[in-house]
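**Q** Each residue of the sequence shown is one higher than the last, beginning at 22 in the working numbering. Ideal Cβ positions, reconstructed from N, Cα and C, are used throughout, including at glycine. Since the model is a prediction, treat every value here as computed from it, not as a measurement.
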Amino acid sequence: HAPPTNSQTITVYVRERGRAPVSHPTNGTHTSVAYYDMVTTPPTPVQVGTHLRCRTLREVPTPFAHPQQYMSEDPGVEGTVVSLRAMDKEVVEFVVKNETPWSTTEFVYLAAPYAPGITTKLTILQWILHAILCIFTLAEVRRIPSLPWTAIVDSNDDDDDNGGDE
Numbered sequence: 022h023a024p025p026t027n028s029q030t031i032t033v034y035v036r037e038r039g040r041a042p043v044s045h046p047t048n049g050t051h052t053s054v055a056y057y058d059m060v061t062t063p064p065t066p067v068q069v070g071t072h073l074r075c076r077t078l079r080e081v082p083t084p085f086a087h088p089q090q091y092m093s094e095d096p097g098v099e100g101t102v103v104s105l106r107a108m109d110k111e112v113v114e115f116v117v118k119n120e121t122p123w124s125t126t127e128f129v130y131l132a133a134p135y136a137p138g139i140t141t142k143l144t145i146l147q148w149i150l151h152a153i154l155c156i157f158t159l160a161e162v163r164r165i166p167s168l169p170w171t172a173i174v175d176s177n178d179d180d181d182d183n184g185g186d187e
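(1) In the DSSP assignment, what are the bridge partners of K142?
(2) Can you tell me which residues form a DSSP beta bridge with E114?
(3) Could I get the ranges of all uninterrupted beta strand (DSSP E) runs contained in the region 56-93, with 3 residues as the minimum, in chain order?
(4) Pick out whichever of C75, P82, W123, M92 has its Cα sitting closest to the Cα of A133.
(5) Can you give me the C-alpha to C-alpha distance between S104 and H87, rounded to a whole angstrom?
(6) Measuring straight from C-alpha to C-alpha, what distance separates A107 and E120?
(7) Which residue or residues does DSSP assign as beta-bridge partners of S44?
(8) Grab me the residues of E114's own chain with a C-beta within less than 6 Å of its C-beta, minus the 5 sequence neighbours each way, in chain order.
(9) From I145 to T47, what does the alpha carbon distance come to, in whole angstroms?
(10) Under the DSSP definition of a beta bridge, which residues are partnered with E127?
(11) How many angstroms separate the CA atom of V117 from the CA atom of T125?
(12) Who are E99's beta bridge partners in DSSP?
(13) Assuming Y56 contacts R38 (C-beta within less than 8 Å), just tell me the rounded distance between them.
(14) Leaving aside the five residues before and after R36 along the sequence, list all residues of the same chain whose C-beta is less than 8 Å from its C-beta, in chain order.
(15) Return helix, strand or coil for T121, following the three-state DSSP convention.
(16) Can you tell me whether G100 is buried or exposed? The criterion is at least 16 other CB atoms within 10 Å of its CB, across all chains shown.
Take a look at the structure:
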């Protein structure tokens, strides 16, 4: 499906770290919320309003240890970042509203290393709030494992342009 007007769709490579079922008792549908870690640097920093497509990575066994090779797969997640929150001093989490009509994943919580201007673009107010929270409350809880610089990612998606305009 097409991204919102006047926006760019970027592709982010992720590893799933969990999933939780969500029931809607009024209409009987069952959906889920997915939890992903961003394991590569996005082509542009992510912020509220960014339209993105997630690609999950699966390690491909090779007879040699280096370089590691990964196959990317479509988990059916493409949508807009609707909010963000600071998880700790080193991690922010983006909340993505999935807009893929056939997917049962309603929202994705996408954790990324906090690297202003590289993985994240914050407004001045968001930056001030993050700085205050880090000083008074947030400790480092976990690190997001990233792929080695030498890793090879192979995508079977013909229209996947690794983050360019659609």
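**A** Checking against the coordinates, here is how it stands:
(1) In the sequence shown, the residue the question calls residue 142 occupies position 121. According to DSSP, which records beta bridges pairwise, K142 is partnered with nothing at all.
(2) Residue 114 sits at position 93 when you count from the first residue of the sequence shown. DSSP output for E114 lists R106, A132 as bridge partner(s).
(3) Runs of the beta strand (DSSP E) inside the region 56-93: 72-81.
(4) For the purposes of this step, residue 133 is taken as residue 112 along the sequence shown, with counting starting at 1. Among C75, P82, W123, M92, the Cα nearest to that of A133 is on C75.
(5) Here residue 104 corresponds to residue number 83 of the sequence shown, with the count starting at 1. Here residue 87 corresponds to residue number 66 of the sequence shown, with the count starting at 1. Rounded to the nearest whole angstrom, the CA to CA distance from S104 to H87 is 38 Å.
(6) One-based indexing of the sequence shown puts residue 107 at position 86. One-based indexing of the sequence shown puts residue 120 at position 99. A107 and E120 have their alpha carbons spaced roughly 24 Å apart.
(7) Indexing the sequence shown from 1 puts residue 44 at position 23. Answer is H51.
(8) As a working mapping, residue 114 is identified with position 93 in the sequence shown. So the list reads R106, M108, Y130, A132, once near-sequence residues are dropped.
(9) Taking the first residue of the sequence shown as 1, we reach residue 145 at position 124. Taking the first residue of the sequence shown as 1, we reach residue 47 at position 26. When rounded, the separation of the alpha-carbon atoms in I145 and T47 is 40 Å.
(10) Here residue 127 refers to the residue found at position 106 of the sequence shown. Per DSSP, none; premise fails for E127.
(11) Mapped onto the sequence shown, residue 117 falls at position 96. Mapped onto the sequence shown, residue 125 falls at position 104. For V117 and T125, the gap between their C-alpha atoms comes out near 14 Å.
(12) Taking the first residue of the sequence shown as position 1, residue 99 is located at position 78. As a beta-bridge residue in DSSP terms, E99 pairs with R74.
(13) Here residue 56 corresponds to residue number 35 of the sequence shown, with the count starting at 1. Here residue 38 corresponds to residue number 17 of the sequence shown, with the count starting at 1. About 5 Å separates the two Cβ atoms, so the contact holds.
(14) Position 15 of the sequence shown, counted from the start, is the residue given in the question as residue 36. Taking R36 as the centre and dropping the five residues before and after it, the same chain places the C-beta of Y57, D58, V60, T77, L78, P166 closer than 8 Å to its C-beta, in chain order.
(15) By 1-based counting over the sequence shown, the position of residue 121 is 100. Correct three-state label for T121: coil.
(16) Numbered from its first residue, the sequence shown carries residue 100 at position 79. Classification for G100: buried.
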